[in-house]
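Asker: Read left to right, the sequence shown gives residues 1 to 567 (full-length UniProt numbering).
Glycine is no exception: its CB is placed at the ideal position from the N, C-alpha and C atoms.
The model shown is predicted, which means the values in this text are computed figures rather than measured ones.
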Amino acid sequence: MAISPSKAMNGERAVVLIFVLRVLSSLPLALLPHALSLSLLSLFSLVVEIRVDDSPSLFKTRPGASSGIILGAVTLPTVMLSKLIQLSRAVSLQQIEIGELEHMTMQFWAASACSCGVLIFLFIVTWCAANNKNPHFSCSVWDAKFSLSCVILYSAVCCISLATISHTGFNTALKLLWLLCHGFATVKLIQHLLSTFPFCASIGEANLVTSGLVLYFGDMLACTISKVCRLLIPPELVSIRYGIKRSEIGIVIQGVLLGLLIFSAVFKFLIHLWEYFWGANNSESRERKEIWRSLIFLTSLGFIMIAVAPSWMMIVLDFDVHPVLWIFQFIFSEPFKRLSLCIYWLVLIYASVLRFYNISKNSKIERILLRKYYHLLAVLMFLPALIYQPKFLDLAFGAALAVFLVLEIIRVWRIWPLGQLVHQFMSAFTDHRDSDLIIVSHFSLLLGCALPIWMSSGFNDRPLTPFAGILSLGIGDTMASMVGHKYGVLRWSKTGKKTIEGTAAGITSVLAACSVLLPLLASTGYFLTQHWFPIFIAVTTSGLLEAYTTQLDNAFIPLVFYSLLCL
1 MAISPSKAMN
11 GERAVVLIFV
21 LRVLSSLPLA
31 LLPHALSLSL
41 LSLFSLVVEI
51 RVDDSPSLFK
61 TRPGASSGII
71 LGAVTLPTVM
81 LSKLIQLSRA
91 VSLQQIEIGE
101 LEHMTMQFWA
111 ASACSCGVLI
121 FLFIVTWCAA
131 NNKNPHFSCS
141 VWDAKFSLSC
151 VILYSAVCCI
161 SLATISHTGF
171 NTALKLLWLL
181 CHGFATVKLI
191 QHLLSTFPFC
201 ASIGEANLVT
211 SGLVLYFGDM
221 LACTISKVCR
231 LLIPPELVSI
241 RYGIKRSEIG
251 IVIQGVLLGL
261 LIFSAVFKFL
271 IHLWEYFWGA
281 NNSESRERKE
291 IWRSLIFLTS
301 LGFIMIAVAP
311 SWMMIVLDFD
321 VHPVLWIFQF
331 IFSEPFKRLS
341 LCIYWLVLIY
351 ASVLRFYNIS
361 KNSKIERILL
371 RKYYHLLAVL
381 MFLPALIYQP
391 KFLDLAFGAA
401 LAVFLVLEII
411 RVWRIWPLGQ
421 LVHQFMSAFT
431 DHRDSDLIIV
441 SHFSLLLGCA
451 LPIWMSSGFN
461 DRPLTPFAGI
471 LSLGIGDTMA
481 SMVGHKYGVL
491 RWSKTGKKTI
501 EGTAAGITSV
511 LAACSVLLPL
521 LASTGYFLTQ
531 HWFPIFIAVT
541 TSGLLEAYTT
551 QLDNAFIPLV
561 FYSLLCL
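(1) Measuring straight from C-alpha to C-alpha, what distance separates Ile-18 and Ile-415?
(2) Out of curiosity, what's the CA-to-CA distance linking Val-118 and Leu-564?
(3) Assuming Ile-296 is part of the alpha helix (DSSP H), what are its boundary residues?
(4) Sort Ser-444, Gly-419 and Ser-340 by Cα distance to Leu-393 and report the nearest one.
(5) Once DSSP output is grouped into helix, strand and coil, what is the label at Thr-210?
(6) State the Cα-Cα distance for the pair residue 572 and Thr-172, rounded to the nearest angstrom.
(7) Confirm, please, whether the CB-CB distance from Trp-109 to Ser-26 is below 9 Å.
(8) If contacts are defined as beta-carbon pairs under 8 Å, then Gly-183 and Ala-113 qualify, I think. What distance do you get, rounded to the angstrom?
(9) Report buried or exposed for Cys-514, applying the criterion of at least 16 other Cβ atoms within 10 angstroms of its Cβ.
(10) Tell me whether Arg-491 sits in a helix, a strand or coil according to DSSP, three-state version.
(11) Quick check: the Cα distance between Pro-33 and His-272, rounded to an integer number of angstroms?
(12) Tell me, please, which residues DSSP counts as bridged to Thr-499.
(13) Starting from Ala-90, trace the alpha helix (DSSP H) in both directions and tell me its first and last residue.
(14) Per DSSP, what kind of secondary structure is Lys-245 in: helix, strand or coil?
(15) Verify whether the separation of the beta carbon atoms of Leu-177 and Thr-210 is less than 9 Å.
(16) Quick one: any contact between the stretch 294 to 314 and the stretch 250 to 264, if contact means 3 or more CB pairs under 8 Å?
(17) Which residue's Cα is closest to the Cα of Phe-123: Phe-44, Lys-60, Lys-175 and Ala-65?
(18) Check whether the Cβ atoms of Cys-181 and Gly-218 lie closer than 9 Å to each other.
(19) From what residue to what residue does the alpha helix (DSSP H) around Pro-28 run?
(20) Which same chain residues, not among the five before or five after Leu-437, have their C-beta less than 7 Å away from its C-beta?
(21) Tell me where the alpha helix (DSSP H) around Leu-32 begins and ends.
(22) In chain order, what residues of the same chain have a beta carbon less than 7 Å from the beta carbon of Leu-237, not counting five sequence neighbours either side?
(23) Using the three-state DSSP reduction, which class does Val-440 fall into: helix, strand or coil?
(24) Could you say which of Arg-462, Ala-504, Phe-561 and Ala-505 lies nearest to Leu-521 if we only look at CA atoms?
(25) Which whole runs of the alpha helix (DSSP H) in the stretch 388 to 472 are 4 residues long or more, in chain order?
(26) By the three-class DSSP mapping on this structure, what secondary structure does Cys-114 have?
(27) Check this for me: beta carbons of Tyr-344 and Pro-310, under 9 Å apart or not?
(28) Let me know the secondary structure DSSP gives Lys-60 once reduced to three states.
(29) How would you write the range of the alpha helix (DSSP H) that Leu-552 sits in, first residue to last?
(30) What do you reckon, are the CB atoms on Ala-468 and Tyr-388 nearer than 9 Å?
(31) Under 9 Å between the Cβ atoms of Cys-449 and Ile-470?
(32) Using the three-state DSSP reduction, which class does Cys-159 fall into: helix, strand or coil?
(33) Taking only the alpha-carbon atoms, compute the straight-line gap between Val-151 and Cys-116 and give it to the nearest angstrom.
(34) In whole angstroms, what is the alpha-carbon distance linking Leu-21 and Ser-427?
(35) Starting from the N-terminal side, write out each stretch of the beta strand (DSSP E) that is 3 residues or longer and does not extend beyond the stretch 173 to 201.
(36) Just verifying my parser: in three-state terms, what is the DSSP assignment at Ile-96?
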């Protein structure tokens, strides 16, 4: 039977629909195929989400959260489409080359392919479960026909769009194969993520994370192949996908993350090898074995980060010096400003973390409110740097992400002597969205602030877009939680905790911050092109999403806010 409108719509889905419609209404006619594909993806994800929510749990997802499939499926493609709209304006003004627009077009289709692959996988799982004649499952023939139609139309639109930016049929086929690899890799990765880290994420959150990882590392892989094997790749493919100019900071961040990915696999292999040959010797004390594990950890980490990762950086970009030396040259090119900023950050971190940790151990303050102080800390740390030292902040975000990843590896593997100490410290700030297996809150806050800044590099005619994460998380989300907890009476739903008073406070605070920030940016030389009505729509939509969603808001809200500010 068909899905009734009352059953199909709830608060979160309605806000996502408003978000998608707002982006679609801003599209130029040249991007009409992209609009059609995003519409089909949204409808398909809505059908899949309803069927998954109606079924018993097929995956061990995070308790207390909805599946979030439609939000997780449309977020990254919509972000890429918003960026595509922005770059289309740049092409019309002749401020960027057409190759950059074509590169972003491929990124949009790659993100869409990742989401579409996951949706097809989820639909097949629910369909197979229904065919097992379980009375709890329901999956109608109408749903199957509708979903199949969406997939076929989506594929046709994708082929037509790719053919317009390809010179030959071979290049079109090669790009389609590349997109299929993205979809397949995302499906395999989300299966691995949900099975390895059970009850740590919803399906929507897992979809966002896996799609982002596949998109990011897929671009790194293709860039590497095009540099090393340029003669084996058609020139048209190279010029379209990977001919854009890459900055040294971007390559350094990518290299560090690639190094940590390689390190995780190498360290796990070395530990298994060491335990196989020497682990059976029970005569050694436990402390001695822990010391050996620590030595293996430090040695492999140092070798990969000093030798392996910089080697990749120098392959894909022509550095004049070793990338590690380049980092020091970059910092000391403006030593007073950048070293002063580092000292300012260290003082803030030391004072705040020490204070909040003591409060978390001895106070009855709710954990969710305590965590919002870190959102305010993010505003104090990142806002001045973003205005006056944006390039240095880009590099600092990459360094902070690398430190967080290393600390999480130390915590999970219990590397002596810091493993247990890091675990105890991080556990003081966890909530129901974290688990002992993996703690994601600090990652989501950091990336929520960093991603809009990283994505705003290059052409950007909307000066507020880099501030999307800081404004939505550091100010809006914090004020909504604090005001809603202290003064909130009217709730958005009978089962939820979010209040209308809190949402109104969050929206008002972000609008007030924008009214202060825009004149400040104008005084520092920014050419302001944003009007208040689009800003109001962006702030209100992201505020309503914070009120209704049960997903990890640190991950989704900054991306939604960024997309709307790009329009």
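Answerer: Taking the coordinates as given:
(1) Their backbone Cα atoms lie some 47 Å apart in a straight line.
(2) 25 Å
(3) 286 to 303
(4) Ser-340
(5) helix
(6) Limits of the chain in this structure are 1 at one end and 567 at the other, which puts residue 572 out of reach.
(7) Contact flag unset, no.
(8) About 5 Å; that satisfies the 8 Å criterion.
(9) buried
(10) strand
(11) In a straight line, the C-alpha of Pro-33 is about 50 Å away from that of His-272.
(12) Arg-491
(13) 69 to 92
(14) coil
(15) One thing to note: Leu-177 has its Cβ no nearer than 9 Å to the Cβ of Thr-210.
(16) yes
(17) For the residues Phe-44, Lys-60, Lys-175 and Ala-65, the minimum Cα distance to Phe-123 belongs to Phe-44.
(18) yes
(19) Segment: none, Pro-28 is in no alpha helix (DSSP H) and carries neither H nor E.
(20) Phe-197 and Cys-200
(21) First-last of the alpha helix (DSSP H) with Leu-32: 32 to 54.
(22) Low local confidence applies: a pLDDT of 47 at Leu-237 is under 50, so the model's placement there is unreliable, with the coordinate-based value given in what follows. Annotation for Leu-237: Asn-171 and Leu-174 place their beta carbon closer than 7 Å to its own, counting only its chain and skipping 5 residues before and after.
(23) coil
(24) Looking at the Cα atoms, Arg-462 is the closest of the given residues.
(25) 390 to 413, 419 to 427 and 441 to 455
(26) helix
(27) For Tyr-344 and Pro-310, no; Cβs fall outside 9 Å.
(28) coil
(29) Leu-552 -> no alpha helix (DSSP H), and no H or E assigned at all.
(30) no
(31) yes
(32) The answer is helix: DSSP assigns Cys-159 an H, G or I state.
(33) Val-151 and Cys-116 have their C-alpha atoms some 8 Å from each other.
(34) 40 Å
(35) none
(36) Here Ile-96 sits in coil by DSSP.
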